[in-house]
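A short worksheet on the structure shown next.
Protein chains in written order, with my numbering: chain S, 1180 to 1316; chain L, -3 to 76.
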């Protein structure tokens, strides 16, 4: 299913919502990065994402949440993550998408490495990612 | 009678393999011996977690894995 198809299906499933917000995260085509590899541990990663989606649904009174994350090797320009939120009012939908992304970017059970000219390098969250996450406490 | 140890993220590179079968049962001391000094040193760090049967252990030193269990070694996450 493509990103467009997923969003169309999500929109159709929530036709009573006042608004749908979506965010698509992509591999940045800069910094000499040739490829990105995401790995997960499904017994933790999947329940963790389901729990996160449920938290967002309750906190922002959402009609629905879509949270997709790819794993494996991705090239610059390719999609990594898609979140969509449906709510009665736009502010909740925007904030919930922001909340989901801040948590996925630093607290999800995912490991990431990038390939540059000199080989693979493991990545840890930036300080900015941790600061973004702390905004929701 | 075996336990599967899974090496996640950068620990996979250190281990040189994705997973390793070791004899059951397996406790914390047995785990440190089974993974070798380099990974044992990583496991000593608070920010490295251990999961058994898909659940993160509140205290990894209480590990008690039995035949058929999967023990996952979880270095700090990178995020998505």
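Glycine residues also receive a C-beta, built at the ideal position from the N, C-alpha and C atoms. All values derive from a computational prediction rather than experimental measurement.
So, is the C-beta of residue i closer than 8 Å to a C-beta in chain L?
i	result
residue 1244 of chain S	no
residue 1320 of chain S	The structure shown has nothing for residue 1320 of chain S, since chain S only spans 1180 to 1316.
residue 1297 of chain S	no
residue 1223 of chain S	yes
residue 1230 of chain S	no
residue 1308 of chain S	yes
residue 1248 of chain S	yes
residue 1212 of chain S	no
residue 1182 of chain S	no
residue 1206 of chain S	no
Give the interface partners of residue i over in chain A, defined as CB-CB distance under 9 Å, in chain order.
i	result
residue 73 of chain L	Absent here is chain A; the protein component of the structure consists of chains S and L.
Return the residue from the list the options that minimises the CA-CA distance to residue i.
i	options	result
residue 1240 of chain S	S:1208, S:1191, S:1198	S:1198
residue 1281 of chain S	S:1262, S:1268, S:1207, S:1257	S:1262
residue 1298 of chain S	S:1214, S:1279, S:1204, S:1184	S:1214
residue 53 of chain L	L:20, L:70, L:62, L:63	L:70
residue 1310 of chain S	S:1286, S:1270, S:1295	S:1286
residue 79 of chain L	L:72, L:32, L:50, L:64	Beyond the ends of chain L as shown, which are -3 and 76, falls residue 79 of chain L; an answer cannot be given.
residue 1288 of chain S	S:1229, S:1271, S:1180	S:1229
residue 62 of chain L	L:14, L:13, L:24, L:8	L:24
residue 1249 of chain S	S:1212, S:1267, S:1290, S:1273	S:1290
residue 1274 of chain S	S:1312, S:1209, S:1251	S:1312
Please decide whether residue i counts as near chain S, where near means a Cβ-Cβ distance under 8 Å.
i	result
residue 50 of chain L	yes
residue 64 of chain L	no
residue 54 of chain L	no
residue 26 of chain L	no
residue 4 of chain L	yes
residue 70 of chain L	yes
residue 61 of chain L	no
residue 47 of chain L	yes
residue 76 of chain L	yes
With respect to the beta strand (DSSP E) encompassing residue i, which residues constitute its N-terminal and C-terminal limits?
i	result
residue 1181 of chain S	Premise fails: residue 1181 of chain S is in no beta strand (DSSP E) and is neither H nor E.
residue 1218 of chain S	1214 to 1219
residue 1299 of chain S	1298 to 1302
residue 1288 of chain S	It is not in any beta strand (DSSP E) - residue 1288 of chain S carries neither H nor E in the DSSP assignment.
residue 62 of chain L	No beta strand (DSSP E) contains residue 62 of chain L, which DSSP labels as neither H nor E.
residue 1200 of chain S	1198 to 1205
residue 73 of chain L	Per DSSP, residue 73 of chain L belongs to no beta strand (DSSP E) and is neither H nor E.
How would you write the range of the alpha helix (DSSP H) that residue i sits in, first residue to last?
i	result
residue 1250 of chain S	Here residue 1250 of chain S belongs to no alpha helix (DSSP H), and DSSP marks it neither H nor E.
residue 8 of chain L	6 to 11
residue 2 of chain L	Not the alpha helix (DSSP H): residue 2 of chain L falls in the beta strand (DSSP E), residues -2 to 3.
residue 34 of chain L	33 to 39
Roughly how far, in whole angstroms, is the beta-carbon of residue i from the beta-carbon of residue j, given that I think they are within contact range, below 8 Å?
i	j	result
residue 42 of chain L	residue 10 of chain L	No, residue 42 of chain L and residue 10 of chain L are not in contact; Cβ-Cβ is about 18 Å, not under 8 Å.
residue 1246 of chain S	residue 1231 of chain S	7 Å
residue 3 of chain L	residue 17 of chain L	About 13 Å separates the two Cβ atoms, so there is no contact after all.
Among residues of its own chain, excluding the 5 on either side of residue i, which ones have a beta-carbon nearer than 6 Å to its beta-carbon?
i	result
residue 1193 of chain S	1242, 1243, 1265
residue 1236 of chain S	1244
residue 6 of chain L	71
residue 36 of chain L	28
Keeping to the same chain, check which residues put their C-beta closer than 8 Å to that of residue i; ignore five residues upstream and five downstream.
i	result
residue 46 of chain L	27, 39, 52, 53, 56, 59, 67, 68, 69, 70
residue 1269 of chain S	1197, 1198, 1200
residue 1314 of chain S	1281
Near residue i, which residues of its chain fall below 7 Å by C-beta distance, leaving aside the five closest residues on each side in sequence?
i	result
residue 1182 of chain S	1203, 1258, 1261
residue 1308 of chain S	1284, 1285
residue 1295 of chain S	1211, 1212, 1213
residue 1205 of chain S	1256, 1257, 1258, 1259
residue 1292 of chain S	1216, 1299, 1300, 1301, 1302
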